[in-house]
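**Student:** Residue numbers (the numbering used here), protein chains in the order written: chain A, 181 to 289; chain B, 25 to 141.
Could you have a look at this structure, given as structure tokens, before my questions?
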Amino acid sequence: EDKVVQSPLSLVVHEGDTVTLNCSYEVTNFRSLLWYKQEKKAPTFLFMLTSSGIEKKSGRLSSILDKKELFSILNITATQTGDSAVYLCATGANSKLTFGKGITLSVRP
Amino acid sequence: NAGVTQTPKFQVLKTGQSMTLQCAQDMNHEYMSWYRQDPGMGLRLIHYSVGAGITDQGEVPNGYNVSRSTTEDFPLRLLSAAPSQTSVYFCASSYSGLGGIGANEQFFGPGTRLTVL
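Structure below.
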């Protein structure tokens, strides 16, 4: 059975802090790892990673995949209150996505 | 482009009733899927389809039926609703790309909040 584990489950930071969100996986026939942001509505896509060691970046967010150690991290620098959300990690394999339980990030002013 | 649309947005059912959640996409995506989301559980896959006429079960298929007669539509049927099916339901679709079918970015609909009394 495919498994995706995210940590921590929740965290609270202050504006301006840098945060690192973790995602580890055990998946057969791994093809991709995806990150989504969810703010009380449908998830919105952030990144898709398929190759180890290649950082993907979008503004203050960045992500990298390690296929040898089976994990990915999502970094958010200079956090803002608008970054408060649930961050979902998912692996793509065998024609489907398997999601972790999500990390709830709260950014205090 | 409307993207992925779902109806209804909210629904309240009594135990034992049946209903169909509608999902449509106008992006000509081959792949469509249904998820349920419960507090603290992430998204769990109910059923998915890799193309018209082809469906398969996900992680939590019991109590749900799907069909895919066209590329655009992927309805989810609750056969006899139970309180355990109270949840938020998301439909999603994706193209077949770098990750392979089903393993690429999925575009989500706005969701249906279902309560079963």
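Beta carbons are placed, not taken as given, at the ideal position from N, Cα and C, and that holds for glycine.
What's the C-alpha gap between SER232/A and ILE244/A?
**Tutor:** As a working mapping, residue 232/A is identified with position 52 in the first sequence. As a working mapping, residue 244/A is identified with position 64 in the first sequence. Computed Cα separation, rounded: 7 angstroms.
**Student:** Going along chain A, which residues have a C-beta under 7 angstroms from SER114/B?
**Tutor:** As a first step, residue 114/B must be located in the second sequence, where it is residue number 90. Sequence check: residue 114/B is Phe here, not Ser. Result: ALA222.
**Student:** Can you list, in chain order, the residues of the region 203-222 of chain A whose Cβ is nearer than 8 angstroms to any Cβ on chain B?
**Tutor:** The region 203-222 of chain A vs chain B, Cβ under 8 angstroms: ARG211, SER212, LEU214, LYS221 and ALA222.
**Student:** Could you check where the beta strand (DSSP E) with ASN89/B kicks off and where it finishes?
**Tutor:** Position 65 of the second sequence holds residue 89/B. Where ASN89/B is concerned, the enclosing beta strand (DSSP E) stretches over 88-90.
**Student:** I want to verify the contact list: residues of chain B whose CB lies under 8 angstroms from the CB of SER275/A, in sequence order.
**Tutor:** As a working note, residue 275/A is residue 95 in the first sequence. Here the neighbours are TYR55, TYR72, VAL74, ASP80, GLY124, ILE125, GLY126 and ALA127.
**Student:** Show which residues of chain B have a CB atom less than 8 angstroms away from the CB atom of GLY280/A.
**Tutor:** One-based indexing of the first sequence puts residue 280/A at position 100. By Cβ distance, chain B contributes GLY66.
**Student:** Please say whether THR136/B and LEU45/B have beta carbons closer to each other than 8 angstroms?
**Tutor:** Against the second sequence, residue 45/B aligns to sequence position 21. Against the second sequence, residue 136/B aligns to sequence position 112. Yes. Within cutoff.
**Student:** Whole angstroms are fine: how far does the CA of THR95/B sit from the CA of ALA48/B?
**Tutor:** Within the second sequence, numbered from 1, the residue matching residue 48/B stands at position 24. Within the second sequence, numbered from 1, the residue matching residue 95/B stands at position 71. Distance between the alpha carbons of ALA48/B and THR95/B: 9 angstroms.
**Student:** Counting only beta-carbon separations shorter than 8 angstroms, does GLY133/B have a partner in chain A?
**Tutor:** For the purposes of this step, residue 133/B is taken as the residue at position 109 of the second sequence. Chain A, which has a Cβ nearer than 8 angstroms to the Cβ of GLY133/B, makes this yes.
**Student:** For ARG211/A, which residues from the same chain have a beta carbon less than 6 angstroms from its beta carbon, with the 5 sequence-adjacent residues on both sides left out?
**Tutor:** For the purposes of this step, residue 211/A is taken as residue 31 along the first sequence, with counting starting at 1. Contacts found: GLY272 and ALA273.
**Student:** What does DSSP give as the partner residue(s) for PHE131/B in the beta ladder?
**Tutor:** Along the second sequence, one-based indexing puts residue 131/B at 107. Its beta-bridge partners are SER117/B.
**Student:** Measure the alpha-carbon distance for PHE120/B versus ASP80/B and round it to whole angstroms.
**Tutor:** For this step, residue 120/B is matched to residue 96 along the second sequence. For this step, residue 80/B is matched to residue 56 along the second sequence. Per the sequence presented here, residue 120/B reads as Ser, with Phe not at that position. Those two C-alpha atoms are separated by around 17 angstroms.
**Student:** The beta strand (DSSP E) with LYS183/A in it runs from where to where?
**Tutor:** To locate residue 183/A, count along the first sequence from 1; it is residue 3. Looking at the DSSP string, the run of the beta strand (DSSP E) that includes LYS183/A is 183-187.
**Student:** Pull up the CB-CB distance for TYR55/B and ILE70/B, whole angstroms please, since I reckon it's below 8 angstroms.
**Tutor:** For the purposes of this step, residue 55/B is identified with residue 31 of the second sequence, where counting begins at 1. For the purposes of this step, residue 70/B is identified with residue 46 of the second sequence, where counting begins at 1. Not a contact, Cβ separation roughly 14 angstroms.
**Student:** Rounded to a whole number of angstroms, what is the C-alpha to C-alpha distance between GLU206/A and GLU249/A?
**Tutor:** Within the first sequence, numbered from 1, the residue matching residue 206/A stands at position 26. Within the first sequence, numbered from 1, the residue matching residue 249/A stands at position 69. If you take the alpha carbons of GLU206/A and GLU249/A, they lie about 10 angstroms apart.
**Student:** Using the beta-carbon count (16 or more within 10 Å), is HIS53/B buried or exposed?
**Tutor:** Position 29 of the second sequence holds residue 53/B. HIS53/B is buried by the Cβ-count criterion.
**Student:** For the region 243-254 of chain A, list every residue whose C-beta sits within 8 angstroms of some C-beta in chain B, in sequence order.
**Tutor:** Within the region 243-254 of chain A, no residue has a Cβ that lies closer than 8 angstroms to any Cβ of chain B.
**Student:** Can at least three beta-carbon pairs, one atom from the region 97-106 of chain B and one from the region 274-283 of chain A, be found at a separation below 8 angstroms?
**Tutor:** Output reads no: the region 274-283 of chain A does not touch the region 97-106 of chain B.
**Student:** Give the interface partners of LEU69/B over in chain A, defined as CB-CB distance under 9 angstroms, in chain order.
**Tutor:** Your numbering for residue 69/B matches position 45 in the second sequence. Chain A residues near LEU69/B: LYS276, LEU277, THR278 and PHE279.
**Student:** Taking all protein chains shown into account, decide if LYS8/B is buried (16 or more other Cβ within 10 angstroms of its Cβ) or exposed.
**Tutor:** There is no way to answer for residue 8/B, as the model of chain B reaches only from 25 to 141.
**Student:** Determine, for GLN109/B, whether the minimum Cβ-Cβ distance to residues of chain A falls below 8 angstroms.
**Tutor:** Start at 1 with the first residue of the second sequence, and residue 109/B comes out as number 85. No, its Cβ sits nowhere closer than 8 angstroms to a Cβ of chain A.
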